[in-house]
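Asker:
Chains as they are written, first to last, in our numbering: chain S, 160 to 318; chain B, 160 to 318.
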């Protein structure tokens, strides 16, 4: 749907192969790929639609229902965060994406009674990142905050 | 849509008038009543659709999308719980209802990073209670659990 703005495919491929968060995200998307569309695709191309330039974002209308493909992309992003937190802490995490018809909503990840990620979404139609680096950085930031919260309040996560 | 199975309307009216949770629930529904349909209705009738007998439940099909009126009723129920917790603890609560197309899902209430209510829903099409007493009892149980959690983990609710 969107085209990647990458100028150096090889550097991107190496970056993705070495980044734990992006590897998890690729796995989340491949696990949803029931018809094997991505089977022979490189990881870089599987993630290509997560990269949306500022110019491209401005072109995406924020009226009407959020495209199901975009919704699945947002959900995959938060599922990847949940999976990384699970692997690091051993605590089971649940993910809920609650989007209104106007692209506003919540993305929630919790474990026990502890909300490890709690983000408001707006203009969800335009969900995307400038580069693979920014995608990875945002994901990792949420993963680290989540892990810190679980370490700080283990008794709440264990309920 | 559903008919109340009540045999003693007067006793019900008194019960509702004296029950804090049911009064809050009535208020939640009236606040959504943009066209004033319920304006001249007694509280008992405003809540009548929450009362669904076992027999009636069996008659409701659980296939297909959950009826929007039922979804709003479920949401009102959890919003009333959130409002009661807010009034009692002074902590702002958020409510999210996440329902799949098959009537499965989550109802979530949280404050700060503390999940005060976290319930899985199934057969949401059949949402309802045997009597006003059972409706009040279920609501109050969740309100009390929520308040206890906030009192136990105030630092998580304050994040």
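We treat Cβ as the ideally placed atom computed from N, Cα and C, and that holds for glycine.
This one's a predicted model, so the numbers in the text were calculated from it and none came from an experiment.
Strictly below 7 angstroms CB to CB, what residues from chain S border residue 252 of chain B?
Answerer: Neighbours of residue 252 of chain B on chain S: none; closest Cβ ~12 angstroms, over 7 angstroms.
Asker: Residue 301 of chain B and residue 210 of chain B - do their beta-carbons sit closer together than 8 angstroms?
Answerer: Their beta carbons are not under 8 angstroms apart, which means residue 210 of chain B does not touch residue 301 of chain B by this criterion.
Asker: In three-state DSSP terms, what is residue 315 of chain S?
Answerer: Residue 315 of chain S falls in the helix class under three-state DSSP.
Asker: Say the cut is 7 angstroms; is the CB of residue 245 of chain B nearer than that to a heavy atom of the ligand FMN?
Answerer: The ligand FMN is not part of the structure shown, which contains no ligands of any sort.
Asker: Please list the residues of the stretch 286–312 of chain B that have a C-beta atom closer than 7 angstroms to any C-beta atom in chain S, keeping them in chain order.
Answerer: Listed in sequence order: 308 and 312.
Asker: I want to know whether the stretch 249–260 of chain S touches the stretch 226–240 of chain S - three or more CB-CB distances under 8 angstroms.
Answerer: Touching, per the Cβ criterion.
Asker: Can you tell me the Cα-Cα spacing of residue 157 of chain B and residue 315 of chain S, whole angstroms?
Answerer: Any property of residue 157 of chain B remains undetermined from this structure, which presents chain B solely from 160 to 318.
Asker: Thinking C-beta only, is residue 216 of chain S closer than 8 angstroms to residue 285 of chain S?
Answerer: Result yes, Cβ atoms of residue 285 of chain S and residue 216 of chain S sit closer than 8 angstroms.
Asker: As a quick exercise: from S/273, S/180, S/199 and S/280, pick the residue whose alpha carbon is nearest that of residue 229 of chain S.
Answerer: Among S/273, S/180, S/199 and S/280, the Cα nearest to that of residue 229 of chain S is on S/280.
Asker: Report, in whole angstroms, the separation of the C-beta atoms of residue 307 of chain B and residue 243 of chain B, which I expect to be a contact under 8 angstroms.
Answerer: Contact flag wrong, Cβ pair sits at about 13 angstroms.
Asker: So residue 175 of chain B packs on residue 202 of chain B, CB below 8 angstroms; how close in whole Å?
Answerer: That pair is a contact at about 5 angstroms.
Asker: Among B/318, B/310 and B/177, which residue has its Cα nearest to the Cα of residue 247 of chain B?
Answerer: Of the candidates B/318, B/310 and B/177, the one whose C-alpha sits nearest the C-alpha of residue 247 of chain B is B/310.
Asker: Where does residue 161 of chain B sit, in a helix, a strand or coil, going by DSSP?
Answerer: Confidence at residue 161 of chain B is low in this model, with a pLDDT of 47, below 50, so its placement is unreliable and the value that follows should be read with caution. Reduced to three states, the DSSP call for residue 161 of chain B is coil.
Asker: Under the rule that 16 or more other beta-carbon atoms within 10 Å means buried, what is residue 232 of chain B, buried or exposed?
Answerer: Buried: at least 16 other Cβ atoms inside 10 Å.
Asker: Within 8 angstroms of any Cβ in chain B, is that where the Cβ of residue 200 of chain S sits?
Answerer: Output row for residue 200 of chain S: interface = no.
Asker: Only counting the same chain, and skipping five residues up and downstream in sequence, which positions put a Cβ closer than 6 angstroms to that of residue 184 of chain S?
Answerer: Closer than 6 angstroms at the Cβ level, and outside the excluded window around residue 184 of chain S, lie 239.
Asker: Could you please give me the residues that DSSP links to residue 264 of chain S through a beta bridge?
Answerer: DSSP output for residue 264 of chain S lists S/258 and S/280 as bridge partner(s).
Asker: Return helix, strand or coil for residue 197 of chain B, following the three-state DSSP convention.
Answerer: Coil at residue 197 of chain B, not helix or strand.
Asker: In or out: residue 296 of chain S buried (at least 16 other Cβ within 10 Å) or exposed?
Answerer: Residue 296 of chain S is exposed by the Cβ-count criterion.
Asker: Nearest CA to the CA of residue 219 of chain B: which residue from B/268, B/282, B/267 and B/271?
Answerer: Measuring from the Cα of residue 219 of chain B, the nearest candidate turns out to be B/282.
Asker: Please name the residue or residues paired with residue 273 of chain S in a DSSP beta bridge.
Answerer: Paired residues: S/270 and B/273.
Asker: Thinking C-beta only, is residue 317 of chain S closer than 8 angstroms to residue 262 of chain S?
Answerer: No, they are not a contact pair.
Asker: Report all residues from its chain with a CB closer than 8 angstroms to the CB of residue 213 of chain B; omit the five preceding and five following residues, and keep chain order.
Answerer: Counting only Cβ-Cβ distances below 8 angstroms, and skipping sequence neighbours, we find 289.
Asker: Where does residue 230 of chain S fall in DSSP's three states?
Answerer: Reduced to three states, the DSSP call for residue 230 of chain S is helix.
Asker: Mind checking residue 170 of chain B: buried by the 16 CB within 10 Å criterion, or exposed?
Answerer: Label assigned to residue 170 of chain B: exposed.
Asker: Under 8 angstroms, Cβ to Cβ, is there at least one residue of chain S near residue 267 of chain B?
Answerer: So yes, residue 267 of chain B belongs to the interface.
Asker: How should residue 291 of chain S be labelled, buried or exposed, when 16 other C-beta atoms within 10 angstroms of its C-beta is the threshold for buried?
Answerer: It is buried - the Cβ of residue 291 of chain S has at least 16 other Cβ atoms within 10 Å.
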